[in-house]
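Before any comments, here is the structure.
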Amino acid sequence: MRKVSLNISTATEIRDDVGEAHGRNRDWRVAGSIILAIVAAVTLWLMGQPLWCKCGGWSLWSWDIWSSHNSQHLIDPYTASHVLHGVIFCGLLFWLPKSVSLNVRFLTAIVLEVGWEILENSPIIIERYRSATIATGYSGDSVINSVADIFACAIGYALAFRLRAAKSLIFFFATELIVLVWVRDCLILNVVMLVYPIEAIKVWQMAGL
Ligand SMILES: [Zn+2]
10 MRKVSLNIST ATEIRDDVGE AHGRNRDWRV AGSIILAIVA AVTLWLMGQP LWCKCGGWSL
70 WSWDIWSSHN SQHLIDPYTA SHVLHGVIFC GLLFWLPKSV SLNVRFLTAI VLEVGWEILE
130 NSPIIIERYR SATIATGYSG DSVINSVADI FACAIGYALA FRLRAAKSLI FFFATELIVL
190 VWVRDCLILN VVMLVYPIEA IKVWQMAGL
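Under my numbering, think of the first position of the sequence shown as 10, with each following residue one higher.
So, in structure tokens, the structure goes:
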């Protein structure tokens, strides 16, 4: 009997240790994300991006992609694309060697997203968006919108990690389809139009105005 009870208490201790380690790892991921988001915010602010929408309204969202509030408030239809960035990063980073920890994978995804946010707000990409895509009045994101995009990517990563491959794929294409029907734009179209603009797609998108 004594042996059994000892084993049970050892098992409980091991479980507690594992739980504690999981908690610590999660803390690192949260802390790392916050630090990277702050680095992105400061960089974007120094690049001259506005902190918040010039309208000064405190609505947390803006659903009209054609309005000047787009990408200026906390969330908008393009937030979904950033969730999908996280899903894609989770899928790509899965192929790293098994020895690479979840923390390193996750924070690599956040670094990539921060890099994209900075690139997205660089003069060259802003100009590209204005000339090639439907975002003719685009002047970059507000700092707070960019920070929300980074956290959207983190949520996407965490979601894909739990959903695993098949359900993540379904989630990816379902989200793309919903956003496509909703605003006639989505992550795939956005990339296509940025890299290889197709006039017919632009005409169709503009018809939704
Ligand atoms: Zn506004």
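C-beta: ideal position from N, C-alpha, C; glycine also.
This one's a predicted model, so the numbers in the text were calculated from it and none came from an experiment.
{"Item": "Do you know how far the Cα of Arg193 is from the Cα of Ile134?", "Value": "21 angstroms"}
{"Item": "Please classify His31: is it buried, with 16 or more other beta-carbons within 10 angstroms of its beta-carbon, or exposed?", "Value": "exposed"}
{"Item": "Cα-Cα, which of Ile210, Gly149, Asn199 is closest to Asn79?", "Value": "Gly149"}
{"Item": "Can you tell me whether Cys195 sits near ligand 1, meaning its C-beta is under 7 angstroms from at least one heavy atom of the ligand?", "Value": "no"}
{"Item": "Excluding the 5 residues flanking Asn130 on each side, which residues of the same chain have their C-beta closer than 8 angstroms to its C-beta?", "Value": "Leu53, Met56, Gln58, Gly149, Asp150, Ser155"}
{"Item": "Could you tell me which residues DSSP puts in a beta bridge with Ile84?", "Value": "Trp70"}
{"Item": "Using 10 angstroms around the beta-carbon of Ser19, count the other beta-carbons present and answer buried if the total reaches 16, otherwise exposed.", "Value": "It is worth fixing the name first, because residue 19 is Thr in this sequence and not Ser. With fewer than 16 Cβ atoms within 10 Å of its Cβ, Thr19 is classed as exposed."}
{"Item": "Distance cutoff 8 angstroms, beta carbons only. Does Phe115 sit that close to anything in chain C?", "Value": "Annotation note: the requested chain C is absent from the structure, which comprises a single protein chain."}
{"Item": "Beta-carbon within less than 8 angstroms of Lys211's beta-carbon, same chain only, minus the 5 sequence neighbours each way: which residues are those?", "Value": "Thr142, Ile143, Met202"}
{"Item": "Assuming Met202 is part of the alpha helix (DSSP H), what are its boundary residues?", "Value": "196–204"}
{"Item": "Do you know offhand how far Leu128's Cα is from Val120's?", "Value": "12 angstroms"}
{"Item": "Comparing C-alpha positions only, which one of Asp26, Ala49, Trp37, Ala40 sits nearest to Asp158?", "Value": "Ala49"}
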